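One structure is given here, and the rest of the page talks about it.
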Amino acid sequence: MKGQIVKIVSDDYFLDTSFGEIICKARGKFRKDNISPKVGDYVIFDNEKKTIEDILPRKNELDRPFVSNIDEAFIITSLKKPDFSTNLLDKLLIICEINNIKPVICITKKDLLSKTEFNKIKPILRYYKKIGYPVVYNNKICKIKRMFKNKTVVFTGQTGAGKSSLINKLDKNLDFETNEISEALGRGKHTTRYVTLVNIGKGKVVDTPGFSAIDLSIYTDEQIKNAFIEFNKYDCPYKGCMHIKEKECKVKENINDNILKSRYDNYIKFIEKR
Ligand code: ZN
């Protein structure tokens with residue numbers, strides 16, 4: 000039978016199954032093979048012996064939060080206080096792309112902007128939509144719930160962008176506030192703590208605001224380049240073009256006309272900073 004690990008407490012594995020929550024032990028072979036089951040893992044279990052028999056292949060796995068099989072990440076993006084930052088947004092989009100997670104850009108604090116201020120940001124948001132990223136506003140609670148139906152999702156974004164208040168709006172019984180505070184105070188606490196998957200509506204949400212580690216140095220230049228999904232459709236004459244110093248680079252030729260300049264600038268920054 001199949002289930003998903005939603006919580007781990009010492010050596011008890013809490014599985015979400017078609018007939019409710021079941022607590023299992025992991026078979027000894029996992030330890031022998033040096034495999035540790037993670038929250039998020041889909042597993043095959045023996046209902047009589049209450050043991051996990053097998054872990055199904057993972058779609059992805061993250062270290063912070065320590066979780067696997069994330070389908071979607073809601074990137075909570077504040078327009079003011081903290082100010083809108085394409086730098087952070089692009090970083091989070093890269094992490095999603097590389098880890099095979101579908102990003103959703105979720106906009107908060109639109110009401111703090113004047114019409115003129117919002118009109119400046121509007122074309123930028125429209126650009127992200129055009130290249131294929133869904134953009135949703137945080138007051139569209141039903142729409143957001145629909146978007147993560149039957150999915151395992153993580154809410155991420157800058158501290159103060161409004162992750163906790165959005166999650167509390169999605170489910171009044173949940174309070175993720177304490178997690179956000181502990182994240183701001185010290186990262187160490189988070190690295191060892193197991194996460195839990197919590198049911199919200201018809202989806203499952205990681206109970207900690209992640210990703211706490213926004214470190215691009217672990218990725219190769221090639222991975223970062225490919226994560227700028229709109230660059231990939233340009234056929235540069237130089238094979239393996241990095242779109243930096245190469246001649247007749249189609250990406251560079253399309254900056255401003257078809258490629259948002261801040262996207263290209265961030266790409267260069269991310270590559271050079273490493
Ligand atoms: Zn190029």
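Residue numbers (numbering that gives the first Met the number 0): 0 to 273.
C-beta atoms are modelled at their ideal positions from N, C-alpha and C, and glycine is treated no differently.
Since the structure is predicted, the reported quantities are computational estimates derived from the model, not experimental observations.
Taking the alpha-carbon positions, what's the Ile258 to Arg125 distance?
For the purposes of this step, residue 258 is taken as residue 259 along the sequence shown, with counting starting at 1. For the purposes of this step, residue 125 is taken as residue 126 along the sequence shown, with counting starting at 1. When rounded, the separation of the alpha-carbon atoms in Ile258 and Arg125 is 12 Å.
My understanding is that Val152 touches Gly202, with C-beta atoms under 8 Å, so please give their C-beta distance in whole angstroms.
Against the sequence shown, residue 152 aligns to sequence position 153. Against the sequence shown, residue 202 aligns to sequence position 203. Yes, they are in contact, since the Cβ atoms of Val152 and Gly202 sit about 6 Å apart, within 8 Å.
Does the distance from the CB of Asn54 to the CB of Phe29 come in under 9 Å?
For this step, residue 54 is matched to residue 55 along the sequence shown. For this step, residue 29 is matched to residue 30 along the sequence shown. One detail in the question is off: residue 54 reads as Ile in this sequence, not Asn. Yes, the pair counts as a contact, with Cβ atoms nearer than the cut-off.
Which first and last residues belong to the alpha helix (DSSP H) in which Gln222 is found?
Taking the sequence shown and counting its residues from 1, one reaches residue 222 at position 223. Counting along the chain, the alpha helix (DSSP H) containing Gln222 begins and ends at Asp220 to Ala226.
Just the C-alpha distance for Phe147 and Cys235, rounded to the nearest angstrom, thanks.
As a first step, residue 147 must be located in the sequence shown, where it is residue number 148. As a first step, residue 235 must be located in the sequence shown, where it is residue number 236. If I take the Cα positions, the gap works out to 37 Å.
Shorter than 8 Å, the distance from the beta carbon of Lys251 to the closest heavy atom of the ligand ZN, or not?
As a position in the sequence shown, residue 251 is number 252, starting the count at 1. At least one heavy atom of the ligand ZN is nearer than 8 Å to the Cβ of Lys251, so yes.
For the beta strand (DSSP E) that contains Tyr263, what are its first and last residues?
The residue given as residue 263 occupies position 264 in the sequence shown. Element bounds for Tyr263: not the beta strand (DSSP E) but the alpha helix (DSSP H), Lys260 to Glu271.
Would you give the residue range spanned by the alpha helix (DSSP H) that Gly202 belongs to?
Mapped onto the sequence shown, residue 202 falls at position 203. Here Gly202 belongs to no alpha helix (DSSP H); instead the beta strand (DSSP E) covers Gly202 to Val205.
Give me the DSSP bridge partner(s) of Ile254.
Translated into positions along the sequence shown, residue 254 becomes position 255. Ile258, per the DSSP bridge assignment.
Taking only heavy atoms of the ligand ZN into account, decide whether any of them is closer than 8 Å to the Cβ of Tyr237.
On the sequence shown, position 238 is the one that residue 237 refers to. True, at least one ligand heavy atom lies under 8 Å from that Cβ.
In terms of alpha-carbon separation, which member of Ile213, Leu14, Gly156 and Leu92 lies closest to Gly2?
Translated into positions along the sequence shown, residue 2 becomes position 3. Ranking the options by Cα distance to Gly2, first place goes to Leu14.
According to DSSP, simplified to helix, strand and coil, what is Leu55?
For this step, residue 55 is matched to residue 56 along the sequence shown. Looking at Leu55 - three-state DSSP - the assignment turns out to be coil, as it is neither helix nor strand.
Which partner residues does Gln3 have in the DSSP bridge list?
Along the sequence shown, one-based indexing puts residue 3 at 4. According to DSSP, Gln3 bridges with Asp15 and Tyr41.
Note down, in chain order, each residue of its chain lying with its Cβ closer than 8 Å to the Cβ of Lys260, except the 5 sequence neighbours on either side.
Working through the sequence shown from its first residue, we reach residue 260 at position 261. Counting only Cβ-Cβ distances below 8 Å, and skipping sequence neighbours, we find Ile254.
Whole-angstrom Cβ separation of Leu111 and Ile140, contact assumed at under 8 Å?
Taking the first residue of the sequence shown as 1, we reach residue 111 at position 112. Taking the first residue of the sequence shown as 1, we reach residue 140 at position 141. Between Ile140 and Leu111 the Cβ distance is about 19 Å, and since that is not below 8 Å, they are no contact.
Under the rule that 16 or more other beta-carbon atoms within 10 Å means buried, what is Gln222, buried or exposed?
Start at 1 with the first residue of the sequence shown, and residue 222 comes out as number 223. Label assigned to Gln222: exposed.
Alpha carbons only, please: which of Arg262, Ala160, Ile143 and Asp256 is nearest the one belonging to Val204?
Here residue 204 refers to the residue found at position 205 when the sequence shown is read from its first residue. It is Ile143.
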